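The structure appears right after this line, and notes come after that.
Protein chains: 4
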Amino acid sequence: MIFVSDNAVGVAPEILAAMTEAAEGSHLPYGNDVWTQGLEERFKQVFETDDLHVMPIATGTAANALTLSAMMPAYGRVLCHEVSHIYFEEISAVEFFSGGGRLVPMPGENGKLDPADLRRHVERGRRGNLDPEQPFVVSISQMNEMGIVYQPEEIARIGDFCREFGYPLHMDGARFANALAGLGCAPADITWRAGVDALSFGATKNGGYSSDAIVFFGPVSRKDVELRFKRSGHIFSKAYALSSQLTAYLEDDLWLRNARHANAMAAMLADRLENIGIRLESRPDGNEVFAHIPDDAVTRLRDAGGRFYPWHLFGDDAYRLVTSWTTSPADIDRFLSIVSASAA
Amino acid sequence: MIFVSDNAVGVAPEILAAMTEAAEGSHLPYGNDVWTQGLEERFKQVFETDDLHVMPIATGTAANALTLSAMMPAYGRVLCHEVSHIYFEEISAVEFFSGGGRLVPMPGENGKLDPADLRRHVERGRRGNLDPEQPFVVSISQMNEMGIVYQPEEIARIGDFCREFGYPLHMDGARFANALAGLGCAPADITWRAGVDALSFGATKNGGYSSDAIVFFGPVSRKDVELRFKRSGHIFSKAYALSSQLTAYLEDDLWLRNARHANAMAAMLADRLENIGIRLESRPDGNEVFAHIPDDAVTRLRDAGGRFYPWHLFGDDAYRLVTSWTTSPADIDRFLSIVSASAA
Amino acid sequence: MIFVSDNAVGVAPEILAAMTEAAEGSHLPYGNDVWTQGLEERFKQVFETDDLHVMPIATGTAANALTLSAMMPAYGRVLCHEVSHIYFEEISAVEFFSGGGRLVPMPGENGKLDPADLRRHVERGRRGNLDPEQPFVVSISQMNEMGIVYQPEEIARIGDFCREFGYPLHMDGARFANALAGLGCAPADITWRAGVDALSFGATKNGGYSSDAIVFFGPVSRKDVELRFKRSGHIFSKAYALSSQLTAYLEDDLWLRNARHANAMAAMLADRLENIGIRLESRPDGNEVFAHIPDDAVTRLRDAGGRFYPWHLFGDDAYRLVTSWTTSPADIDRFLSIVSASAA
Amino acid sequence: MIFVSDNAVGVAPEILAAMTEAAEGSHLPYGNDVWTQGLEERFKQVFETDDLHVMPIATGTAANALTLSAMMPAYGRVLCHEVSHIYFEEISAVEFFSGGGRLVPMPGENGKLDPADLRRHVERGRRGNLDPEQPFVVSISQMNEMGIVYQPEEIARIGDFCREFGYPLHMDGARFANALAGLGCAPADITWRAGVDALSFGATKNGGYSSDAIVFFGPVSRKDVELRFKRSGHIFSKAYALSSQLTAYLEDDLWLRNARHANAMAAMLADRLENIGIRLESRPDGNEVFAHIPDDAVTRLRDAGGRFYPWHLFGDDAYRLVTSWTTSPADIDRFLSIVSASAA
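Protein chains in written order, with numbering that gives the first Met the number 0: chain A, 0 to 343; chain B, 0 to 343; chain C, 0 to 343; chain D, 0 to 343.
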């Protein structure tokens, strides 16, 4: 009954197998190995474009902060949701990587940015007696911290806003696979086709060992990005350690299969909780369920080894339940039986 | 009819005289001159404490950002009002000086922080599923960007909150003299006696040439602060250039006399505007009047050479009128006559 | 014939086994797993002290730069050798992590710092008409970029200097195991007993997958260091990914066995090269041989798949040959036979 | 007998007069005043080009560090002399402003960079097994810390090197007027015509109150530079405070007249010291004399109120004597009479 997070479960066997295969051979360091050198081609296929650069990176925080730092000057600003991961849970990593930039927390229903709010914010600055206009970047999370997914056309509207004002658009895709599995569209539809310039592509939460990736769509100074990797200590001499994971992750749609399973388990969990009268914050778009659970049920669940975080954002009785590629219907049965007993 | 800002008017003759006197002699550089060496003693008298360190600095933005950077680690956070000068008008100076810290914009009536909001913010973090607890600094503006002054007991309540949590308290006093003149209390009453640890002490807006000061109450590493001055290019080899201004500013209560005059002119302006039916945002506590002026009056005023900023924060017909030590009743007469004509 | 670097070879099977074991289970994230929680105890045994903090980190550059940033203020300075890895091969990572600190390149025979030079540098600053005294950290590499090892008493003399002036002492131990295997002393003898305050403890180059560690001896603010990890994107949610490697690395002296083997292969390679008249830059203390190889031999070696870097530091005919835990006598036979053929 | 520095003497009356004139009027803030708006035109005339941007700045350290930060990315490197002011006397201001760049100290006779050394350094990096190639900026001082001046053709050779490699060239001109007065050429000849892209233009040391300027030759993002000013607290709301000084400084060749006088006094001092057998480090090119003075003479001079710094760089008996626009032949007479007495 581990619902604490999708990073709390084991590693997909296909990924472990690739890592092991890579680790048994010798490879020239710093990316001059077959795993790393084949990776970009795979991403090009997945994203249906040749105009793309990929760099593996060990953590999601580094992926977000390093990417954003490459998209703006040191005094730049990132328009992001006030409950986005970069603003709320990654300390001041963006401020650090950028050398003193600023995250601007924006409101927005369901954890989503609204182009109208973005426009208002920017135009107020332009008319302003106040703050002079700054170079902005916009960052959205797909899916976001409330477990909600942007529809392709919602992203496209933000992309249109960005193009109008000349701002780059970044997507935090720590749970990109879950978003995609829910939408059923092509990866390109919610990235470059909708105006996204750079993507933090998550794998760790969906079966990886510890590897995400940065994907730039369109022109980027690869040397600039590599120097940012190096000075932040994110170059792996054994580059295959990361790229072998990502290779297996994309092979035979493992990433989508894992995400579909996790999403299905979340849907099942949501249905069954609602059936017994547990109020949900919203219907899950991916693999996160936010539920209002009575105190006595929480106590019983914890006593039985249940692991999950309170989510005060939604109230004192709110909890986040995250499913993963390892969640089984039996886990859900067990969880429900304990909650029901208590609800009864 | 210059109401654009109190930094748009000339320099007080007493200050120019002191600058000239200093500039005519030879002085060892880097503060080894009589003007700089006598300065701390004057501040100790004004603030009624020996436990104080003063360092002149050329601009208010530098005063705020450098001081805050000395009060927190590079990943620290500053709780400040969402319309504070440091958040709204000084770009990311604090982020730059601190090496990647963050300003946390807080709401609050009349531009004032409320200890209850601060407590809620901090406790949410402590309980949090979200952002781990950070080292915080609290920063308030006296008077603030809405022209409002904190009462001594309001500051003391914020000071109590800071002591309870172990956070330092900073005050942006760009218009400290105007606040003080309005309150009629002792400088100590709204600084160290109320729990303020460091003050950005403004002089430029109140008759100075270009000099403010940083005042630390209580222990501080002077060497640390001086190295921060040096690496940000804020050490003046001709230190007397700043300290002579500040010396004259404090002499014979020049600072308070100038501020009282500016405040009295603002009160007169406010009274007379209200008398002819112009709506004010609030009664001025200091030398700033925020008024809702009809478009035709604005046009006439500008045609007649009137200078003042729109203040969109309060609406499309809102304007900020700042009085200064140079504002005369005749200026106000003229302003009113033009507004009245139009209102008629 | 991979002599390009010890990071160009595969991963030790014992380490892969531990990683696999860890990856198959569920673990609470962010270090709340058995692998991570047991790690500090193992380091305490290895280093014979309880006064020690360990934090796994993915790369050596991050280990060095993050550690140094925690040992000095943002305007601090690191006295290091002019051919140290931190100065010569890690770009400006220290400058980045520290927020603008400076590395001071020092000369020194055999890539070693000499306490007399350190003293001269510091005293010149103290007497100086020039740069005011800065807070310093001293950083040494064990073993260093020239393949040379500090004797315990040499480190102790640097440690004494540091204590006299109040400077912390850091050791870059990317090849710490190789140094130790060469010296045959206890880990404590070349670290805390000799005055070292913090150690970048390498594992990647000696059979690891991709994991090093930071070891602080004596008091340190763990929270400060953790926040530095987080803001630089070096917190692994799956902390076991790193700690499982380190656990296996220390188990049954794997680290020392691997290092002893690599060192023995380097000694054999050095002996045999000298026997056929190839000049070495110095006798290898660890697993690096710097040899002056004729051009024709280099061509033949490369044609036969030999991989190694030129090392211009020692001249145009100088090459670095790095042995590892995987190097076999057969590799050396083959290398020698090709060199000999050419020398003949 | 103030020879401690040219920043230890008073302010030129012409400059004080302009400051006073400016300070007595009202001016729109942030550069919208006649003094600031006319400044660029004056610089265009002085430098014989329209392709130039000028921004006044309060200190030389800020001028250097801010300018260099605008000429390179955060991970850039500045090739500078090992006894340049930016490396030796301005702490880590460049590292701070750039967000973690690095100063690379280079040797060079008489405090001058040699293009051959620059080439060697850069090419070693290019061939290197070591540090990957970085974006470089070159910075030279005119005149330099050893009181020596670059000839126009020496600068042009460095300029040629920079153009070949695509590196920008910066000049620290804290004593630019003294250099120019010594050379007798046009300002353009030692700046843009010789390949200089940006100049820190000093005025404070040559009669200013406290103001230098940054001059960019050729294209530059003015907005980028202004945002760097703002976030480092170097925007003066009363911009005329700086620009009035610079206006008077350039009027009627005041800057050159002051510098010629200071240089003439240095030449006289040097001649007379040599005449009585005092060894000089070199013939002065500008207004700095480095002399080896016996201990007893130093004691007598100090007892008589003489002020000057020891200059350990040139040995334990070396002293720096700086003349200024206020130095009189009588000062030199008195200095010499005391030295002679003692030498006798």
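Glycine included, each C-beta is placed from N, C-alpha and C at the ideal position. None of the values given here were measured: they were computed from a predicted structure.
Taking Cβ-Cβ distances below 7 Å as the criterion, which residues of the segment 199-226 of chain A are in contact with chain C? T203, Y208, S209, L226
Short of 9 Å Cβ to Cβ, which residues in the segment 47-80 of chain C face chain B? S68, P72, A73, Y74
Proximal chain C residues relative to F95 of chain A, where beta-carbon distance stays under 7 Å: R230, S231
Alpha carbon to alpha carbon, what distance is there between R192 of chain B and K43 of chain C? 48 Å
Indicate whether the contact test is met: 3 or more Cβ pairs, each with one atom in the segment 3-10 of chain B and one in the segment 303-318 of chain A, closer than 8 Å. no
Between the Cα of Y74 of chain B and the Cα atoms of B:P134, B:G158, B:A22, B:R41, which residue gives the shortest distance? For Y74 of chain B, the closest of B:P134, B:G158, B:A22, B:R41 by C-alpha to C-alpha distance is B:P134.
Got a sec, what are the start and stop residues for the beta strand (DSSP E) P104 of chain D sits in? 101-105
Would you call the segment 274-292 of chain C and the segment 177-184 of chain C in contact, with 3 or more CB pairs under 8 Å? Using a C-beta cut-off of 8 Å, the segment 274-292 of chain C makes contact with the segment 177-184 of chain C, since at least three inter-stretch Cβ pairs fall below that distance.
For F95 of chain C and L226 of chain B, what's the separation of their Cα atoms in angstroms? 18 Å
Per-residue contacts from A22 of chain D into chain B (C-beta, under 8 Å): Proximity of chain B to A22 of chain D at the Cβ level (cut-off 8 Å) is accounted for by G9, V10, L15, Y208, in chain order.
Taking the straight line between their C-alpha atoms, what separation do you get for A290 of chain D and E88 of chain C? 41 Å
M105 of chain A to N257 of chain B, Cα distance in whole Å? 41 Å
Would a C-beta distance cut-off of 8 Å place S242 of chain C and L112 of chain C closer than the cut-off? With contacts defined as CB atoms closer than 8 Å, S242 of chain C and L112 of chain C fail to qualify as a contacting pair.
Determine, using beta carbons only, whether G183 of chain C comes closer than 8 Å to chain G. You won't find chain G in this structure, because its protein chains are A, B, C and D.
Might you give, ordered along the chain, the residues of its own chain that have their beta carbon closer than 6 Å to the beta carbon of L65 of chain D, omitting 5 neighbours on each side? Excluding sequence neighbours, L65 of chain D sits near F96, R227.
Going by DSSP in three states, A73 of chain B sits in which element: helix, strand or coil? The three-state secondary structure of A73 of chain B, taken from DSSP, is coil.
Between the alpha carbons of L51 of chain D and V224 of chain D, how many angstroms are there, rounded? It is roughly 14 Å from the alpha-carbon of L51 of chain D to the alpha-carbon of V224 of chain D.
Find the nearest neighbour of R41 of chain B within the set B:I56, B:A329, B:L245, B:A197, judged by alpha-carbon distance. B:L245
Candidates A:V82, A:V103, A:T60, A:F216, of which the one nearest N109 of chain A by Cα: A:V82
Considering only their Cβ atoms, is the gap separating S199 of chain B from P55 of chain B smaller than 8 Å? no
C-alpha gap between N128 of chain C and P328 of chain B, whole angstroms: Residue confidence for N128 of chain C is low, a pLDDT of 47 falling below 50, so the modelled location carries little weight and cannot support an answer.
Quick check: G99 of chain D and V93 of chain D, are their CB atoms within less than 8 Å of each other? no
Would you call I275 of chain C buried or exposed, if buried means 16 or more other Cβ atoms sit within 10 Å of its Cβ? exposed
When the cut-off is 8 Å and only beta carbons count, does Q141 of chain C lie next to chain D? No - not a single Cβ of chain D is within 8 Å of the one on Q141 of chain C.
With a 10 Å radius around its C-beta and 16 neighbouring C-beta atoms as the bar for buried, classify D332 of chain C as buried or exposed. exposed
Closer than 8 Å to chain C by CB, G99 of chain B: yes
Taking only beta carbons into account, state which residues of the segment 248-270 of chain B come closer than 8 Å to chain D, listed in chain order. none
For N128 of chain B, decide whether its Cβ has a neighbour in chain A, counting only Cβ atoms nearer than 8 Å. Caution applies to N128 of chain B, whose pLDDT of 46 falls short of 50 and renders its modelled position unreliable; the value that the coordinates give is listed next. Yes - at least one Cβ of chain A is within 8 Å of the one on N128 of chain B.
Which class does Y248 of chain B belong to by DSSP, given the choice of helix, strand or coil? helix
By Cβ distance, which residues of its chain are closer than 6 Å to T322 of chain D, with the 5 residues on each side in sequence left out? A261, M264, A265, N286
Rank C:M18, C:L78, C:L272, C:S220 by C-alpha distance to the C-alpha of G207 of chain A and give the top, closest one. C:M18
Taking the C-alpha atoms as reference points, what is the distance between A185 of chain D and A155 of chain D? 14 Å
Just checking my contact of K222 of chain D with R174 of chain D at CB under 8 Å: how many whole Å lie between their CB atoms? Going by Cβ atoms, the distance from K222 of chain D to R174 of chain D rounds to 30 Å, so no, they are not a contact pair.
Residues of its chain near N102 of chain D, where Cβ-Cβ distance is below 6 Å and the 5 sequence neighbours each way are ignored: Here the sequence assigns Leu to residue 102 of chain D, which means Asn is not the residue at that position. Here the set comprises V77, C79, Y86, V93.
What residues are listed by DSSP as bridge partners for L320 of chain A? A:V288
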